[in-house]
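Heads up: the structure comes next, in structure tokens.
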Amino acid sequence: MKNGRFFVGLVGVAVVVAYLMATGIRDSMVYYLTPVELLERVEADPTFRNLGVKVSGRVVEGSWERGRGNRSAHAFRVADLEHDDVTLSVRYEDVLPDTFNDQAEVVLEGSLGLDGTFRAHTVLTKCGSRYEAAKEELAT
Amino acid sequence: MTILGEIALWIALPAALWGAVLSFAGGRTGRSDFVLSGERTAYVLTLLLTLTSLGIIAAFLGNRYEYWYVANYSNRELGTYFKIAGLWAGQRGSLVFWTLLLSVFTSIAVFQNRRRNREFMPFVTGTLLALLSFLLLVLLFAGVNPFELVGFTPANGRGLNPQLQNYWMTIHPPTLYLGFTAFAVPFAFAVAALLTNRLDSRWIAVTRRWILLSWFFLTNGIIFGMRWAYEELGWGGYWFWDPVENASLLPWLTATAFLHSIQIQENRGMLKVWNMVLVVITFLLTIFATFLTRSGLIESVHSFAENLKIAYIFLGFMGGLIAVCAVLILHRLPSLRSENHIQSFLSRESAFLFNNLLLVGITFAVMWGTLFPLITEGFFGQKINVGPPFYNRVNVPVGLILLLLMGIGPVIAWRRASRRNLRKNFTLPAAAGLSMLVALAVSGIRHATVLATFSIAVFVMTIVVREFWKGTKTRARIAGEGNLSALRSLVRRNRHRWGGYIVHVGVVVIFTGFAGSAFDTNAVRELVPGQSATIRSAFGHEYRLVYESLSHSRPRTDDAVRENDWRWTALLTVYRGDERVKIMRPERRFYPVMDEASTEVGIRSTLLEDLYVIPRDVDLESGTERVTFEFKVLPLVPWIWCGGMIVAVGTLIGLWPVGGPRARAPASRVASGLPLSGTAGQAA
């Protein structure tokens, strides 16, 4: 009985926390891919399209356009950070974060449509190296 | 001045190494001249690092863009205030600042103990100086020298991120750093206790104030960070479960666990190994929080791969520390044996133990979530992220149990709670909590988290208020004092206990503030001047906001018009019902040089809620001055800041120097935070 109760408590807490973590992971996990990886995945397995993913990349300079008559409809292209020639065209219909510009490093959340366009429901900008401690900008 | 700072940095390294060696040698051989010499090194280091820091600040103020660090974090347009804050704006400066704070705390610890705890001191000083030596080595040789030159002199610097140009942002990092570095002192005492094999609770008693001090700064640092996110990031939230936020939370969680578990060691002689492990883990997490998250090892929207080398150096350092501490603890295992064990689930020890297990459980979950992309990449070659739902899933239920324990722990009896003890202490609070539950349910609230939070909050508040009430009454009767002066002397006689209760009140208030987010309302409207929008609050009333006009300005600074800062200010009149309650001026700022924008939100705070206005987008092309606004009514957010202040006051009460003859009372009496109190102690 010396350490028995301590042990029971420990195991109890561990089991509960582990259970909560497992369900939490199951419900909120998201693949974090580069454009290259995303395209490879979709080619290998077309159903991968349906999955919501996060994609990181850099906005291609000069590719950002706003919709006519609808200021919060945006279209731009995002290039792979390591392979400039691989790009995704992105559509996003909401207000972009403040730090968004047409060279920004971004993290998109959404899915790849059948037409090859990535429909983002969230755009986060990553801050450049001069802003080491800069925090996230959120637009959902 | 800057050159002087650089020279000081170079002298600091051999000085720190020398001092560390002398201290350990002095402790080993018992030569007090060595020990004294080591201690004096601490003062010298503080002086040298102060010079170094002043040197960096001087470089900022003098616009010395030939220095890489200054060129990257400042420009001519930056205000003086932010130039001084440039010391901790980037990784290199932060590292210097961290080292400076550590040396200051080392000096304070040395001075404070110049006549006391002499058997510990050589090893305490040695440990702290060894840490300082390591930091100085990194600063000088790992490619993060703050005095590195660009090679030419740029005409202007790259400037500071506009989002960092905020009052809260200038005090948030230093406050956190103060908390991180202050924890090095308890850690050093723990190492000294292990080395000298004096493993009773004395090392805890003498470092208790340091632990509280560190906790005070950590708590405030985290709350300042939330405040900054709330005011500056402009999305109406204060916590995003971003890796960098998580990293600052981790040591806070384990430090909180430690603050509670040491009370079991002091009162019951148990959990000695656990406490050693907690102090080591907390210290490691402060290092983790300072360096790893900023270095690009973990994918965060905050970070980017700037200096992975630093991450590996610190990882190695942490690994080394773990190894050394593990060996020490294992070596001393026989002296760390428990003097007692838990007799019943229904006891204060058990409540505290659960509190500890849950806090460590949360720490583990938050850490797991933060490192999940790294873990999955390591094992499956594929980064997988988890988002806020993961953290909420774990932390909301566990947080609620912790809240409940905050009520139970302080009044349940040690050893074994009798039925009588339970009945006496918990009948009324449980009834109060249940009444709250019924009242809320009747009024139509079905949100489980909200119901639980408010009921538990009432339960805890009833317990705390009753403790204060009973204590004051008893004291007033015995000492024949008035109620107010009885309360004052009650608190003064045991600051740790009553200060702790006040902290609990603050935490309850903060939790209710969190729960308020269940009732957030929002609306997005595109308006042109003259148009208005309405938004309903969860409390039933309605706000009407009239968009009056848009104005354009370029603020003047000392020297010139800032070409790089254009501001569009919307003017809104806010009505609540028919009453005009506020004029708001939210702003969109554009920084053409960086091709970026930033938002100044409008906030109207009342006791119960915030009205939060975000100008999301300004249409400058069509000439209509059309602005896309997002309006939010956020219930109970002010309670979070208010609760934070209560926590700060409670911690300060616990920290306040104990004056007079009591200060020299035996450590065990002065230091025990929750001594066997009249109401709960004898019930076994």
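Heads up: the protein sequence lines correspond to chains A and B, in order. Mapping of the first sequence onto my numbering: residues 1 to 140, in sequence order. Mapping of the second sequence onto my numbering: residues 1001 to 1684, in sequence order. The C-beta atom is built at its ideal place from N, Cα and C for all residues, glycine as well. These numbers were taken from a predicted model, which means no experiment stands behind them.
Distance between residue j and residue i (C-alpha atoms, nearest Å)
i: residue 1124/B; j: residue 1012/B; result: 19 Å
i: residue 1176/B; j: residue 1217/B; result: 6 Å
i: residue 1373/B; j: residue 1382/B; result: 8 Å
i: residue 1646/B; j: residue 1491/B; result: 15 Å
i: residue 1281/B; j: residue 1254/B; result: 7 Å
i: residue 1475/B; j: residue 1271/B; result: 34 Å
i: residue 1599/B; j: residue 1588/B; result: 5 Å
i: residue 1653/B; j: residue 1499/B; result: 5 Å
i: residue 1420/B; j: residue 1426/B; result: 10 Å
i: residue 1601/B; j: residue 1610/B; result: 12 Å
i: residue 23/A; j: residue 118/A; result: 28 Å
i: residue 51/A; j: residue 1448/B; result: 30 Å
i: residue 1238/B; j: residue 1346/B; result: 37 Å
i: residue 1015/B; j: residue 1165/B; result: 36 Å
i: residue 1504/B; j: residue 1627/B; result: 44 Å
i: residue 1324/B; j: residue 1487/B; result: 47 Å
i: residue 1385/B; j: residue 1363/B; result: 18 Å
i: residue 1397/B; j: residue 1348/B; result: 21 Å
i: residue 11/A; j: residue 1356/B; result: 13 Å
i: residue 1377/B; j: residue 54/A; result: 15 Å
i: residue 1315/B; j: residue 71/A; result: 47 Å
Residues near residue i by beta carbon distance below 6 Å, same chain, minus five either side
i: residue 1168/B; result: 1224, 1227, 1228
i: residue 1640/B; result: 1510, 1513
i: residue 1567/B; result: 1553, 1587, 1589
Reduced DSSP secondary structure (H/G/I, E/B, other) of residue i
i: residue 1153/B; result: coil
i: residue 1079/B; result: coil
i: residue 1536/B; result: strand
i: residue 1355/B; result: helix
i: residue 1148/B; result: coil
i: residue 1010/B; result: helix
i: residue 1002/B; result: helix
i: residue 1543/B; result: strand
i: residue 1446/B; result: coil
i: residue 1238/B; result: coil
i: residue 1569/B; result: strand
i: residue 100/A; result: coil
i: residue 1383/B; result: coil
i: residue 1186/B; result: helix
i: residue 121/A; result: strand
i: residue 1116/B; result: coil
i: residue 1617/B; result: strand
i: residue 75/A; result: strand
i: residue 1225/B; result: helix
Contact set for residue i: own chain, Cβ-Cβ below 8 Å, skip 5 residues either direction
i: residue 1160/B; result: 1073, 1074, 1075, 1078, 1082, 1086, 1089
i: residue 1428/B; result: 1462, 1466
i: residue 1053/B; result: 1005, 1087, 1096, 1097, 1100
i: residue 1037/B; result: 1019, 1022, 1026
i: residue 1067/B; result: 1002, 1059, 1146, 1147, 1148, 1149, 1150
Contacting residues, own chain, Cβ-Cβ under 7 Å from residue i (five flanking each side not counted)
i: residue 1655/B; result: 1209, 1212, 1213, 1216
i: residue 1248/B; result: 1176, 1221, 1222, 1225, 1289
i: residue 1441/B; result: 1451
- Query: Listed from N- to C-terminal order along the chain, which residues in the region 1099 to 1133 of chain B have their beta-carbon within a distance smaller than 8 Å of any beta-carbon of chain A?
  - Reply: Taking 8 Å as the upper bound on Cβ-Cβ separation, chain A lies near no residue of the region 1099 to 1133 of chain B.
- the region 1371 to 1390 of chain B: which residues have C-beta closer than 8 Å to a C-beta of chain A, in chain order? Of all residues in the region 1371 to 1390 of chain B, those with a C-beta nearer than 8 Å to a C-beta of chain A are 1372, 1373, 1382, 1383, 1384, 1385, 1386, 1387, 1388, 1389, 1390, reading in chain order.
- Query: When you check each C-beta in the region 1341 to 1362 of chain B against every C-beta of chain A, which residues fall closer than 9 Å?
  - Reply: Listed by position, the residues of the region 1341 to 1362 of chain B near chain A (Cβ gap below 9 Å) are 1341, 1342, 1343, 1344, 1345, 1350, 1353, 1354, 1357, 1358, 1360, 1361, 1362.
- Task: Report yes or no: do the region 1115 to 1129 of chain B and the region 1022 to 1030 of chain B share at least 3 C-beta pairs separated by less than 8 Å?
- Result: Yes: the two stretches touch, three or more of their Cβ pairs being nearer than 8 Å.
- Task: Could you say if the region 1454 to 1461 of chain B and the region 1509 to 1526 of chain B meet the contact criterion of at least three C-beta pairs nearer than 8 Å?
- Result: Output reads yes: the region 1509 to 1526 of chain B touches the region 1454 to 1461 of chain B.
- Given 8 Å, three or more beta-carbon pairs between the region 1266 to 1285 of chain B and the region 1330 to 1350 of chain B: Because the criterion of three Cβ pairs below 8 Å is met, the region 1266 to 1285 of chain B and the region 1330 to 1350 of chain B touch.
- Task: Closer than 8 Å, Cβ to Cβ, to anything on chain B: give me those residues from the region 81 to 99 of chain A, in chain order.
- Result: Hits within the stretch, in order: 95, 98, 99.
- Task: Note down, in chain order, all residues in the region 18 to 36 of chain A with a beta-carbon under 8 Å from any beta-carbon belonging to chain B.
- Result: Within the region 18 to 36 of chain A, the residues whose Cβ lies closer than 8 Å to some Cβ of chain B are 20, 21, 23, 24, 25, 27, 28, 29, 30, 31, 32, 33, listed in chain order.
- Could you run through the region 1594 to 1615 of chain B and flag, in chain order, every residue whose CB is less than 7 Å away from some CB of chain A? Residues 1595, 1596, 1597, 1598, 1599.
- State whether the region 110 to 118 of chain A contacts the region 86 to 102 of chain A, with contact taken as three or more CB pairs (one from each stretch) at a distance under 8 Å. Three or more Cβ pairs drawn from the region 110 to 118 of chain A and the region 86 to 102 of chain A lie within less than 8 Å of each other, which places the two stretches in contact.
- Item | Validate contact between the region 1195 to 1202 of chain B and the region 1309 to 1326 of chain B using beta carbons, cut 8 Å, 3 pairs | Result no; under three Cβ-Cβ pairs closer than 8 Å.
- Query: Any chance the region 1478 to 1496 of chain B sits against the region 1535 to 1544 of chain B, with 3 or more Cβ pairs inside 8 Å?
  - Reply: Because the criterion of three Cβ pairs below 8 Å is not met, the region 1478 to 1496 of chain B and the region 1535 to 1544 of chain B do not touch.
- Message: With three or more beta-carbon pairs closer than 8 Å as the criterion, would you say the region 1567 to 1587 of chain B touches the region 1540 to 1554 of chain B?
- Response: A contact between stretches requires three or more CB pairs, one per stretch, nearer than 8 Å, and the region 1567 to 1587 of chain B meets this requirement with the region 1540 to 1554 of chain B.
- Message: Beta carbons nearer than 9 Å to chain A: which residues of the region 1619 to 1647 of chain B have them?
- Response: For the region 1619 to 1647 of chain B, which is checked against every Cβ of chain A, the residues closer than 9 Å are 1619, 1621, 1622, 1626, 1628, 1630.
- Which residues, in order along the region 56 to 82 of chain A, keep a beta-carbon less than 7 Å from a beta-carbon of chain D? Note that chain D does not occur in the displayed structure, where the protein chains are A and B.
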